[in-house]
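Undergrad:
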Amino acid sequence: MLMSYNELLNYNTSCFEKRFANSKDNYKNSELERQRAYQLRNKSLLNMEKLLVDFETRFQDNGGTVLWARDAEDAQEMIRDIVVKREIRAITRSNSIVLDEIGLNDLIKENNKLLFENNISRYVLKAIGQVPYHPMYPAINLSKEEINGVLNEHYKLKFGSTTKQMVNFIRHQITQEMAKAQVCITGANFLLADVGGVALSENEGNILKSCASAKIHIVVAGIEKVIPSMEDLSILLPLSSAHATGHHMTAINSITCGPSINGNGPEQMYVILLNNGRTDLLENEVIRKSLSCIHCGACVSVCPIYKNIGGYAYNSPYIGPIGSVMAPLMYGLDKYYQLAYLCTQCGRCTEVCPVKIPIVDLVIENRRIIAEERIGNAKFEALVRSMISHCKSRKKMDCPQWLKKLEVKQLVSKSNFTMREMPEMAPKSFNQMAKETEN
Ligand code: SF4
29 MLMSYNELLN YNTSCFEKRF ANSKDNYKNS ELERQRAYQL RNKSLLNMEK
79 LLVDFETRFQ DNGGTVLWAR DAEDAQEMIR DIVVKREIRA ITRSNSIVLD
129 EIGLNDLIKE NNKLLFENNI SRYVLKAIGQ VPYHPMYPAI NLSKEEINGV
179 LNEHYKLKFG STTKQMVNFI RHQITQEMAK AQVCITGANF LLADVGGVAL
229 SENEGNILKS CASAKIHIVV AGIEKVIPSM EDLSILLPLS SAHATGHHMT
279 AINSITCGPS INGNGPEQMY VILLNNGRTD LLENEVIRKS LSCIHCGACV
329 SVCPIYKNIG GYAYNSPYIG PIGSVMAPLM YGLDKYYQLA YLCTQCGRCT
379 EVCPVKIPIV DLVIENRRII AEERIGNAKF EALVRSMISH CKSRKKMDCP
429 QWLKKLEVKQ LVSKSNFTMR EMPEMAPKSF NQMAKETEN
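Residues in the sequence shown are numbered from 29 upward in steps of one, following the working numbering.
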């Protein structure tokens with residue numbers, strides 16, 4: 029029997045929780061390791077300016093080029109310069125949130141170039157024009173049968189294919205596309221200041237293959253990705269793997285320090301260091317902690333709100349608890365202030381975060397700023413007031429299910445339901461059920 033949307037999302041995220049719980053056995057003292065990671069990320073943020081200059085110097089010594097992008101438009105302009113001037117036809121990209129942040133796919137489309145996804149989940153999503161639903165598991169919202177349906181409709185892969193057959197099929201397609209691409213664009217897991225290197229982690233091996241076959245490798249990395257040394261990876265990579273997928277270690281970890289010196293790899297390599305509001309976040313002592321994020325996605329997988337509303341409700345590449353904090357700050361509190369009110373302060377995200385980001389405190393800080401600056405519109409305030417008065421009225425709470433649905437539909441603007449179906453109202457109120465039980 030097919031699962032409902034919520035059952036599927038809950039099932040998939042619960043698989044992560046089990047794997048993550050098992051991965052804790054990797055450490056004698058996982059709390060101590062988290063503390064180390066917290067201090068390391070904190071130190072990196074406080075010394076960011078020096079570390080970035082060190083990275084730039086060493087990377088350029090290795091033959092690479094470093095470009096500094098003030099915002100997403102700047103980064104787009106730089107990519108356009110590299111790709112359009114050289115009359116590149118095809119480009120591959122990796123699964124990276126920062127590439128979504130700068131709107132890479134639209135940029136490539138506008139310039140009439142071919143863009144190939146080299147991540148298996150994103151390959152499926154591209155066929156149906158969807159964006160990732162989760163930072164680590166982009167197609168977590170699709171069941172095996174739905175994915176088979178997509179592959180059948182778009183590529184004529186037979187119905188009833190096994191997971192292995194589907195993966196092998198996509199792998200074959202991606203390999204063929206990678207061979208055609210002249211440019212490979214990736215994010216970066218970390219930037220290493222001591223060697224001028226870019227650390228990349230993946231489980232599929234396609235990033236490494238894409239970079240090896242392309243002539244140009246472009247890395248787009250947020251400035252917060254810089255860490256002091258290669259040695260620090262011994263703390264961050266295992267923690268990131270355990271919290272992202274529950275593995276001891278991500279399957280393939282590579283460090284690339286510049287263009288190829290023996291012809292086995294890209295002839296040119298660029299690193300675009302993206303600011304896009306990050307230095308503003310650094311100024312606020314509380315909010316600054318959000319930049320420690322290593323985008324493992326653990327907080328997303330355990331968040332009860334995400335499990336109910338899904339990834340599209342955030343309308344941002346940054347999803348889940350950390351998305352609720354970062355999206356309003358990066359894209360404007362005036363447009364995204366409502367995300368700050370999603371949180372119930374249950375604290376699961378803060379408990380699991382490998383770099384100990386106190387996400388619940390950051391949410392409160394955002395709410396403080398919103399309240400202080402009186403951000404938000406009168407319509408939203410009216411909606412909340414109206415909801416409160418409904419909840420206070422026993423008659424309204426006990427009215428029939430169809431009437432409740434109608435009333436809520438009138439209260440909530442249609443635009444709130446463009447991303448998903450309005451959930452069903454409970455047939456009976458808690459009060460009604462309690463009375464029945466008593467009787
Ligand atoms: S906030 Fe923490 S748990 Fe969430 S994605 Fe970032 S590092 Fe992972």
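For every residue, glycine included, the Cβ atom is placed at its ideal position computed from N, Cα and C.
1) Is Ile-387 near the ligand SF4, judged by its Cβ being under 7 Å from some heavy atom?
2) Straight-line CA distance for Ser-189 to Asn-176?
3) Indicate whether Arg-69 and Ser-262 have their beta-carbon atoms separated by less than 8 Å.
4) Quick check on Lys-56: buried or exposed, where buried means 16 or more other Cβ atoms within 10 Å of its Cβ?
5) Give me the Cα-Cα distance between Val-254 and Thr-284, rounded to the nearest whole angstrom.
6) Buried or exposed: Ile-125, going by 16 or more other Cβ atoms within 10 Å of its Cβ?
7) Given a cut-off of 8 Å, decide if Pro-382 and Ala-49 are closer than it, judged by their beta-carbon atoms.
8) With distances taken Cα to Cα, identify the nearest neighbour of Glu-313 among Ala-399, Leu-390 and Asn-34.
9) Return helix, strand or coil for Arg-114, following the three-state DSSP convention.
10) When the Cα of Lys-491 is compared with those of Ser-171, Glu-295, Gly-305 and Gln-201, which residue comes out closest?
11) Between Ile-148 and Lys-137, what straight-line distance do the alpha-carbon atoms span, to the nearest angstrom?
12) For Met-31, report the span of its beta strand (DSSP E) as first-last.
13) Thinking just about the alpha-carbon of each residue, which of Gln-204, Ile-403 and Arg-47 is nearest to the one in Ile-119?
14) I'd like the list of long-range same chain contacts for Leu-265, defined as Cβ closer than 8 Å, with 5 residues on each side in sequence excluded.
15) What does DSSP give as the partner residue(s) for Gly-250 in the beta ladder?
16) What residues are listed by DSSP as bridge partners for Arg-121?
17) So His-182 and Ala-209 are supposed to be a Cβ contact under 8 Å. How far apart are they, rounded?
18) In the DSSP assignment, the beta strand (DSSP E) including Glu-230 goes from what residue to what residue?
19) Are there three or more Cβ pairs, one per stretch, closer than 8 Å when the segment 416-430 is compared with the segment 336-354?
20) Given the structure, does Val-383 come close to the ligand SF4, in the sense that its CB is under 7 Å from one of the ligand's heavy atoms?
21) Mind checking which residues open and close the alpha helix (DSSP H) that includes Asn-281?
22) Mind checking who Ala-97 pairs with in its DSSP beta bridge?
TA: A quick look at the data gives this:
1) On the sequence shown, position 359 is the one that residue 387 refers to. Checking the Cβ of Ile-387 against the ligand SF4 gives yes.
2) The sequence position of residue 189 within the sequence shown is 161, counting from 1. The sequence position of residue 176 within the sequence shown is 148, counting from 1. Taking the straight line from one Cα to the other gives about 7 Å.
3) Translated into positions along the sequence shown, residue 69 becomes position 41. Translated into positions along the sequence shown, residue 262 becomes position 234. Result no, Cβ atoms of Arg-69 and Ser-262 do not sit closer than 8 Å.
4) As a working mapping, residue 56 is identified with position 28 in the sequence shown. Counting Cβ neighbours within 10 Å, Lys-56 comes out exposed, since fewer than 16 surround it.
5) Taking the sequence shown and counting its residues from 1, one reaches residue 254 at position 226. Taking the sequence shown and counting its residues from 1, one reaches residue 284 at position 256. So the two alpha carbons sit approximately 14 Å from each other.
6) By 1-based counting over the sequence shown, the position of residue 125 is 97. Label assigned to Ile-125: buried.
7) Translated into the one-based positions of the sequence shown, residue 49 becomes position 21. Translated into the one-based positions of the sequence shown, residue 382 becomes position 354. No, these two residues do not count as a Cβ contact at 8 Å.
8) Here the question's residue 313 lines up with position 285 in the sequence shown. Selected option, being the one with the closest Cα: Leu-390.
9) Taking the sequence shown and counting its residues from 1, the one referred to as residue 114 is at position 86. Here Arg-114 sits in coil by DSSP.
10) The shown model of the chain, from 29 to 467, leaves out residue 491, and the question about it has no answer.
11) Taking the first residue of the sequence shown as 1, we reach residue 148 at position 120. Taking the first residue of the sequence shown as 1, we reach residue 137 at position 109. Their Cα atoms are separated by approximately 20 Å.
12) Taking the first residue of the sequence shown as 1, we reach residue 31 at position 3. Taken as a continuous stretch (DSSP letters only), Met-31 belongs to no beta strand (DSSP E), as it is neither H nor E.
13) For this step, residue 119 is matched to residue 91 along the sequence shown. When only C-alpha atoms are compared, the closest one is Gln-204.
14) What you label residue 265 is simply residue 237 of the sequence shown in a count that begins at 1. The answer, listed in chain order, is Asn-217, Ala-227, Ser-229, Met-277, Thr-278 and Asn-281.
15) Indexing the sequence shown from 1 puts residue 250 at position 222. Bridge partners of Gly-250: Leu-302.
16) On the sequence shown, position 93 is the one that residue 121 refers to. Answer by DSSP bridge pairing, in chain order: Glu-145 and Ile-213.
17) Here residue 182 corresponds to residue number 154 of the sequence shown, with the count starting at 1. Here residue 209 corresponds to residue number 181 of the sequence shown, with the count starting at 1. His-182 to Ala-209, Cβ: 20 Å. No contact.
18) As a working mapping, residue 230 is identified with position 202 in the sequence shown. Element bounds for Glu-230: 225-230.
19) no
20) In the sequence shown, residue 383 corresponds to position 355, counting from 1. Flag set: Cβ of Val-383 near the ligand SF4.
21) For the purposes of this step, residue 281 is taken as the residue at position 253 of the sequence shown. Taken as a continuous stretch (DSSP letters only), Asn-281 belongs to no alpha helix (DSSP H), being part of the beta strand (DSSP E) at 280-284.
22) Looking up residue 97 in the sequence shown gives position 69. Bridge partners of Ala-97: Leu-302.
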